[in-house]
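Reading through the structure tokens given below for one structure.
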């Protein structure tokens, strides 16, 4: 059972609906991530599909995130994702408002409120500096800034738009100083992670850069090294 | 592992996001349903929340349905429900277009097509006779007719609107004669199930009538008796 | 005031949100269409933006369609498109479920029902043969078949996918024999219109092919000639 | 043609899809509002349905708002509400994210950005204090705070939840000090308006309280008196 706390810098891996990260492939990838964590001590968290949450939460010790929750409590909601259910399945947190699963603003506010009441760590996703500031006002623990046009491109936001990352951190913290900022979109290497951390973010949210890598272990080790070498400074 | 085929008449239980049917409660309810099936031979299927699909598919032999799938194949779809993933988790089928999780018509067509290609049994939900006919044209294996105003009321559609059930069967079969019709909304007793079968439906889709019953075993036994006594005729 | 009835073959022009067809440009384009109609007798209808419906309905005699309606009657619906309102503004009909403004199936059923009660001509849009059959079951006066991948390409559905058009006509009419079929997507010339009519459709739904043409009058005249020369046969 | 500037305190009347405020009824109501404005000098603005915007903008001198805009510029967007189009039709501003027409947060950000570029006054609607703060970060000129549970009840937010109004003003202005705050939901009388202004809001957004009043002129006069008597203080 996963018992780990979230630590920063954080490497959060979104499994999306990729074949390489579904079902038994998800478990295989999670085991690799767990080994890299055990070797390096860097906090690696995983966001698998809903029906793989329990499997991963039972089989690895890493923190597990849902990719989305609906702003609901127990009741007559067919086909929705109940925060209580993902928590009981073993999740320690959830993404909210990923650019591929956006919500209305009142739904984001409610999803954050309900998730926090349950002790789930909330990662609200933003596509711009002003949206980051708006999300900060809703009180998530973490904001991940991801320009949609860079998602899946291999062009790292931390290198292509450094001012977006540093500006977002400043603006979001001016609204809510306790919020943590991750940097997403296009992260594929340790160098991208290092750039993200240098700009002041406290970690990365990534997906295809790791999930679809030829050798995910090597890529993840490279990324953790960017974290540990910085810590050593 | 669930290995059962769907048989008609079918009792399909939608767990929704009810507390009584989430996580360990879902498993407890599934075990009761399995026992009733073993005693009576009536086909009972269960539609738990996404993150409980694998748990139930591993622990009981009944057919397990997802409550919804998105019209997608493997790829970059954060927070979506991938048909391939629910199948690998052990589902044998899925609800589509439940009144609490409605889809655009092109999404329904695509969700049915993808699910069928994977061998998943599709249950498309309709709220009226004309929508039933429209869904029949999209080729699901099963259509469930549920007037939204009766859902959760305890007023059985098979008794409150008998002409809706019989009319729907006729109209839907005129468009697609191989489609099976379930009758949903307000089903709480064996008497309701018997009424549904008399009208020509091949089973029921129910939720709170069983999930929130004081003694689900007694209610489900009563419902299966309506099936077996009819079969005896 | 527009007093014309819809006649087949029908050339229905969707103004979308194109600059060339907004506000005073919409009126200019409508005047050209009216002149071509007056010269040729071919039924040309226009679907401008909501806030241009009244302007066009007052200034030209052609039938005016809304691009969308919501499935509502009078009430507390902020930001929705009320069928009663577009009718009072002068519309004679409406598109429903255009691929750029898709609806849930129960909403389509209700939007068609409400519009028909008000005497509005309904044009339901489909992206495939099976969706066309499904829509036919919901009773619109017209179905327009538009493969989304051809919209705006200049590759006419009537030439690229002739079997889609003829197959759709057959399938949709087997469900509802009184429905009229238009053929959309990629229509840019009289030749495309002629191909559409030869395949058995009763007209075309087009947009950029006319709206963004260098000389819309010449293009529209060419299209009407395809209609009149066919009628002469 | 409407040439008025927005002035505070502002009385903004949402016509929704009410029968009493559609088409010719909308015009009749607008004429009454114009007379009351002319008599009292209080700024009264009107938000009619899309297809009535041009009619009202041509016939009365009051500022006209759209009830919603989509976050788009000119292009292939069927059934959407183009900010450029409502501006050309005569609107001076628009509601955004009304509780009956909510948007994703990235859409709100974009709709505000596009509208402001066109010189349209933006009124972003919030259902809670935290959502108000979030919206403030997106830079609208006005935020209207409306608890959905009070809409249409006749229970004024300014009296039922005074701390919501004053708290919202404080929180929203801490994020964006130039934003103006309106108070919506349940406003039916001059007394409600007076309460709203005493709490620090700069006006009201109301709908049924005026639109469905037996004598809208008397109600509106009463409301404007609450404004003028306060100004006199």
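Chains as they are written, first to last, in our numbering: chain A, 1 to 233; chain B, 234 to 466; chain C, 467 to 699; chain D, 700 to 932. Beta carbons are placed, not taken as given, at the ideal position from N, Cα and C, and that holds for glycine.
Neighbourhood of residue i by C-beta, 8 Å cutoff - its chain only, sequence neighbours within 5 removed
i	result
residue 232(A)	Annotation note: pLDDT 46 at residue 232(A) (below 50); position unreliable, coordinate value reported separately. Excluding positions up to five away in sequence, the list is empty.
residue 752(D)	763, 765, 785, 788, 789 and 790
residue 162(A)	195 and 199
residue 506(C)	687, 690, 691, 693 and 694
residue 498(C)	682, 683 and 686
residue 550(C)	539, 540 and 584
residue 402(B)	414, 432, 433 and 434
Same chain, Cβ closer than 7 Å to residue i, neighbours up to 5 away in sequence not counted
i	result
residue 305(B)	313 and 315
residue 408(B)	366, 369 and 370
residue 700(C)	The displayed coordinates of chain C run from 467 to 699. Any statement about residue 700(C) would go beyond what the structure contains.
residue 406(B)	412
residue 5(A)	none
residue 581(C)	535, 549, 560 and 588
Given residue i as reference, the closest of the options once Cα atoms are compared
i	options	result
residue 362(B)	490(C), 523(C), 589(C) and 576(C)	576(C)
residue 853(D)	896(D), 892(D) and 743(D)	892(D)
residue 112(A)	70(A), 88(A), 100(A) and 148(A)	70(A)
residue 514(C)	481(C), 505(C) and 486(C)	481(C)
residue 722(D)	540(C), 490(C), 488(C) and 499(C)	540(C)
residue 839(D)	881(D), 798(D), 858(D) and 859(D)	881(D)
residue 611(C)	679(C), 591(C), 472(C) and 626(C)	591(C)
residue 360(B)	571(C), 608(C), 589(C) and 561(C)	571(C)
residue 907(D)	707(D), 718(D), 876(D) and 706(D)	718(D)
residue 445(B)	430(B), 238(B), 254(B) and 391(B)	254(B)
residue 758(D)	737(D), 726(D) and 798(D)	726(D)
residue 728(D)	761(D), 870(D), 896(D) and 706(D)	761(D)
residue 637(C)	504(C), 597(C), 573(C) and 474(C)	597(C)
residue 618(C)	474(C), 652(C), 473(C) and 680(C)	652(C)
residue 657(C)	643(C), 626(C) and 680(C)	626(C)
Residue i: first and last residue of the uninterrupted alpha helix (DSSP H) it sits in
i	result
residue 491(C)	490 to 506
residue 188(A)	Looking at the DSSP string, residue 188(A) is not in any alpha helix (DSSP H), and its letter there is neither H nor E.
residue 81(A)	Per DSSP, residue 81(A) belongs to no alpha helix (DSSP H) and is neither H nor E.
residue 601(C)	595 to 602
residue 349(B)	338 to 350
residue 520(C)	519 to 525
6 Å Cβ shell around residue i - same chain, five flanking residues per side excluded
i	result
residue 920(D)	735
residue 476(C)	509 and 669
residue 103(A)	97
residue 270(A)	The displayed coordinates of chain A run from 1 to 233. Any statement about residue 270(A) would go beyond what the structure contains.
residue 700(D)	Legend: pLDDT at residue 700(D) = 47, less than 50; position of this residue unreliable, no value from coordinates given.
residue 381(B)	332 and 360
residue 567(C)	534
Limits of the beta strand (DSSP E) - the one that residue i falls within
i	result
residue 478(C)	476 to 480
residue 672(C)	669 to 672
residue 46(A)	43 to 47
residue 561(C)	559 to 562
residue 609(C)	608 to 611
residue 825(D)	820 to 825
Rounded distance between the beta-carbons of residue j and residue i, thought under 8 Å
i	j	result
residue 712(D)	residue 745(D)	5 Å
residue 389(B)	residue 421(B)	7 Å
residue 716(D)	residue 543(C)	4 Å
residue 883(D)	residue 904(D)	4 Å
residue 123(A)	residue 142(A)	4 Å
Inset, instruction - For the region 150 to 185 of chain A, list the alpha helix (DSSP H) runs that are entirely contained and at least 4 residues long, ordered along the chain. - result: If one requires a minimum length of 4 residues, the alpha helix (DSSP H) runs lying completely within the region 150 to 185 of chain A are 157 to 160 and 162 to 175, in chain order.
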